[in-house]
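J.: Just so we're aligned, residue 789 is where the sequence shown starts under this note's numbering, counting upward by one.
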Amino acid sequence: MESALRVPAAQAEDRPAALRAATMCEAFALTAAARADQVALRTINDGVTITFAQYREQVRSLAAGLHALGVRRGDAVGFMLTNRPEFHLLDTAAMHLGACPFSIYNTSSVEQIAYLLDNAGCRVVIVETAFVDRMQGARETAEEVAHLIVVDGEPEGAITLADLARRGAAAEFDFDAAWRAVSPEDVLTLIYTSGTTGPPKGVQLTHANELAECQGLQAAGLWRSSEGSTVSFLPVAHIADRGLVHYGQMIWGFTVTTCPEPTQVFAHVVDARPTLFGSVPRIWEKLKAALEAKFAAEPDEVRRAAVQQALELGLRKVRAEQAGEPVCAELAEGWAQADREIFAKIRGGLGFDRCEAYVIGAAPAPLELFEFFAAIGIPICEVWGMSELSSIATVVPKDGLRFGSVGKPLPGVELRIAPDGELYARGPIVMAGYRNLPEKTAEAIDGEGWLHTGDIGRIDEDGYLWIVDRKKELIINAAGKNMSPANIEQQLKQGSPLIGQAMAIGDRRPYNVALIVLDPDAAAAFAAHHGVTAGHLAEHPTVLGEVDAGVQRANSHLSRVEQIKRFKVLGGDWGPGGDELTPTMKLKRTPIAAKYAAEIEALYSD
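Structure, rendered in structure tokens:
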């Protein structure tokens, strides 16, 4: 039986003026004027600071240069940049022409780049020197690309930023007329899907989509108009960074510190002291492991015992709250004291002393992760969404944490569970369609405007959404039993810190097996601690023994039919954007199954 849930749009108070704008261009103008002297963009490696007034003036100059190259309303402009101020400046400049800027994952191959350029119909691309060779290779087949702009060098045949500014200065161009001609229904950007089920699809998001997204986040209380800051470190090709940081800044006016190397994110967090921080589960998992290792290595025995006692007390409090049990005064007072004396210092050392909201999304996260961070005063709100829904569609309320749930829909968003369990969504955040793929658009959005998300979900009696799995990724074994591979894989990664990645296999098979990849940091630490010499750690008996123990611990939390009977530890690492993982670290299940077919068959060979 189908169920439906609709949350009426809340009456938002104290909203930034930019939320009443018709387009993101108008939103930017309002915010830049209101916060002219505030720092908008900054770096910590080379000390760049750009105020909103400077941001606005550079956008005006760069827009004139792009206009001189022939960029007009509706044209696609491609980007291949790391997280740096130039992305914001040039992307916003293209937006003010009514163009459709989009970003390409920096791990993309020449063939993948060429496909995206062709699909988008791109004539201008903007890159860093590091990506010039691949972009030039892609241009050999993507013949529509007429201009290559390089932001940090002067390669032959490319246009520099100084060249672009000179072209703009010499041309007649009415900046204000250009951006005022932009319509709410114009395509604001393309977000290319990860390509886990075929070639990437270009999700077309409009100005109206993004404004509806921001209005929903404001009403849900996730973001507020305040003197805030955040760190941009996720790929700018991903909707999370582009939508929530790049466009979000145009609404709320926070300061963005750009981090070009994701492995350095927490050094940037310490410097930026963000008021909001969000990331994928893997970043949070690594932070948890680092903190636990630091706690265990504390040389002062008294201090180490105090931290451990405080953590245990925090976990008791959190578990009582999650179970709906009252927290006694003694426990509440004990945690408050631990927070003052221990946890506040930990948060301050991380750079989270000002942080008002913590967010996690894009993949399943283990219960222990939420418990650990909540215990030390970092309550993480899980969100759910997708590019086709302008990013976030549901969020766990900060005052109503429910671990494992992805929360309630944003005001104005409708959710429905179809008879087969698939989650449908409808509302003003639903995309305009896939770029040049009308058949795929018709498959995704039905005649009533419902987006078929491909996720299996349920909605509880309090209106919280729970995601069970991806519809196309369910394991149905030889006996017809339906299982969630994501749940099994999550338990495996919880089973041992050595297990960095895992893929469960069992569709149409008699039992489940797994491919496992070691976490490089945890494996190196384990090897050093146990005196294991460097080399093929994936084959070392001591390492395999710990992985096997981790698998057994995972199996203890799984039903008998879900349990992993055999596994193979693979050498090497699965990096984002490689053969096995998308740039956003989702498993490429079909390519993995093909690449490791021999190893999988060996696990079923007896």
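All residues carry an ideal CB built from backbone N, CA and C; glycine is no exception. Nothing here was measured: the structure is a model prediction, and the numbers come from that model.
With Ala1243 as the anchor, note down where its beta strand (DSSP E) starts and where it stops.
T.: Correcting the residue type first, residue 1243 is Asp in the shown sequence and not Ala. Where Asp1243 is concerned, the enclosing beta strand (DSSP E) stretches over 1239-1247.
J.: Helix, strand or coil for His1056? Go by DSSP, reduced to three states.
T.: Note: His1056 maps to helix in three-state DSSP.
J.: Taking 8 Å as the threshold (C-beta atoms), are Gln1037 and Ala828 in contact?
T.: Cβ atoms of Ala828 and Gln1037: closer than 8 Å.
J.: Under the three-state reduction of DSSP, which class applies to Asp863: helix, strand or coil?
T.: It is coil, neither helix nor strand.
J.: Apply the 10 Å Cβ neighbour rule to Glu814 and answer buried if 16 or more other Cβ atoms are within range, or exposed otherwise.
T.: With 16 or more Cβ atoms within 10 Å of its Cβ, Glu814 is classed as buried.
J.: From the DSSP output, in three-state form, read off Leu857 for me.
T.: The answer is coil: DSSP assigns Leu857 none of H, G, I, E or B.
J.: Give, in chain order, every unbroken run of the alpha helix (DSSP H) that is at least 4 residues long and sits entirely within the segment 1156-1240.
T.: Segments of the alpha helix (DSSP H) lying fully in the segment 1156-1240: 1226-1232.
J.: In three-state terms, what does DSSP make of Pro1273?
T.: Looking at Pro1273 - three-state DSSP - the assignment turns out to be helix.
J.: Which residue's Cα is closest to the Cα of Gln1282: Phe1158, Gly1245, Leu1391, Glu1170?
T.: It is Phe1158.
J.: When the Cα atoms are used, what is the spatial distance from Met1271 to Glu1210?
T.: Computed Cα separation, rounded: 15 Å.
J.: Can you grab the Cα-Cα spacing for the pair Cys1047 / Gly1139, in whole Å?
T.: Answer to the nearest angstrom: the Cα atoms are 15 Å apart.
J.: Helix, strand or coil for Asn997? Go by DSSP, reduced to three states.
T.: In the structure shown, Asn997 sits in a helix (DSSP, three-state: H, G or I).
J.: Measure the alpha-carbon distance for Leu1101 versus Ala926 and round it to whole angstroms.
T.: Roughly 57 Å separates the two Cα atoms.
J.: Quick one: Cα of Val1016 to Cα of Pro1023, how far?
T.: Here residue 1016 is Gly; the residue named in the question, Val, does not match the sequence. Rounded to the nearest angstrom, the two C-alpha atoms are 21 Å apart.
J.: With a Cβ-Cβ cutoff of 8 Å, do Lys1186 and Pro1199 count as a contact?
T.: It is not a contact, given that the beta carbons lie outside the stated cut-off.
J.: Grab the span of the beta strand (DSSP E) containing Asn1300 for me, first residue to last.
T.: Here the beta strand (DSSP E) through Asn1300 covers 1300-1306.
J.: Only counting the same chain, and skipping five residues up and downstream in sequence, which positions put a Cβ closer than 6 Å to that of Tyr1299?
T.: Same-chain partners within the cutoff: Lys1353.
J.: Do you know whose CA, among Ala820, Gly835, Ile832, lies nearest Arg848's CA?
T.: Cα-wise, what sits closest to Arg848 is Ala820.
J.: Using CA coordinates, which residue listed in Phe1161, Gly945, Met1219, Ala1381 is at the minimum distance from Lys1074?
T.: Lys1074 has its Cα closest to that of Phe1161, out of Phe1161, Gly945, Met1219, Ala1381.
J.: Quick one: what's got a C-beta closer than 6 Å to Thr745's C-beta in the same chain, skipping five residues either side?
T.: Residue 745 lies beyond the residue range present for the chain, which begins at 789 and ends at 1394; the question has no answer from this structure.
J.: Take Val1349 as the anchor and find which of Asp1295, Thr1321, Gly1031, Glu1236 has the nearest alpha-carbon.
T.: Cα-wise, what sits closest to Val1349 is Asp1295.
J.: Could you check the C-alpha separation between Thr1241 and Thr1330 for me, to the nearest Å?
T.: For Thr1241 and Thr1330, the distance between alpha carbons rounds to 43 Å.
J.: Tell me, please, which residues DSSP counts as bridged to Trp1398.
T.: Within the shown structure, residues of the chain are numbered from 789 to 1394, placing residue 1398 beyond reach of any answer.
J.: Go ahead and pull the three-state DSSP assignment for Thr1378.
T.: In this structure, Thr1378 counts as helix in the three-state DSSP scheme.
J.: What does a CB cutoff of less than 8 Å around Gly1137 pick up in its chain, not counting 5 residues either side in sequence?
T.: Same-chain partners within the cutoff: Val1058.
J.: Could you have a look at Lys1383 and say whether DSSP puts it in helix, strand or coil?
T.: Lys1383 falls in the helix class under three-state DSSP.
J.: If you draw a straight line from the C-alpha of Met789 to the C-alpha of Val1201, how long is it?
T.: Interpretation of Met789 is limited by its pLDDT of 32, a score under 50 that renders its predicted location unreliable; no figure is taken from the coordinates.
J.: Pick helix, strand or coil for Arg1354, following the three-state DSSP scheme.
T.: DSSP places Arg1354 in strand when its eight states are reduced to three.
J.: Asn1343: which of Val1194, Val915, Asn1275, Val1044 sits nearest, CA to CA?
T.: The shortest C-alpha separation from Asn1343 is found at Asn1275.
J.: Taking contact to mean at least 3 C-beta pairs separated by less than 8 Å, is the segment 1061-1073 in contact with the segment 850-865?
T.: No contact exists between the segment 1061-1073 and the segment 850-865.
J.: Going by beta-carbon coordinates alone, are Pro980 and Pro988 separated by less than 8 Å?
T.: The displayed chain sequence assigns Tyr, not Pro, to residue 980. Yes, Cβ-Cβ distance for Tyr980 and Pro988 is below 8 Å.
J.: What three-state label does DSSP hand Gly945 in the structure shown?
T.: Coil.
J.: Phe890 lies in the beta strand (DSSP E); which residues open and close that run?
T.: It spans 888-891 - the beta strand (DSSP E) in which Phe890 sits, taken as one unbroken run.
J.: Where does Ala824 fall in DSSP's three states?
T.: Ala824: coil per DSSP, three-state reduction.
J.: Tell me, to the nearest whole angstrom, how far the beta carbon of Tyr1384 is from that of Arg1297; I am working on the premise that it is less than 8 Å.
T.: At roughly 15 Å, the Cβ-Cβ gap does not stay under 8 Å, so Tyr1384 and Arg1297 are not in contact.
J.: If I'm right that Gly1237 touches Arg1214 with Cβ under 8 Å, what's the distance once you round it to whole angstroms?
T.: Yes, Gly1237 and Arg1214 are in contact; Cβ-Cβ is about 5 Å, under 8 Å.
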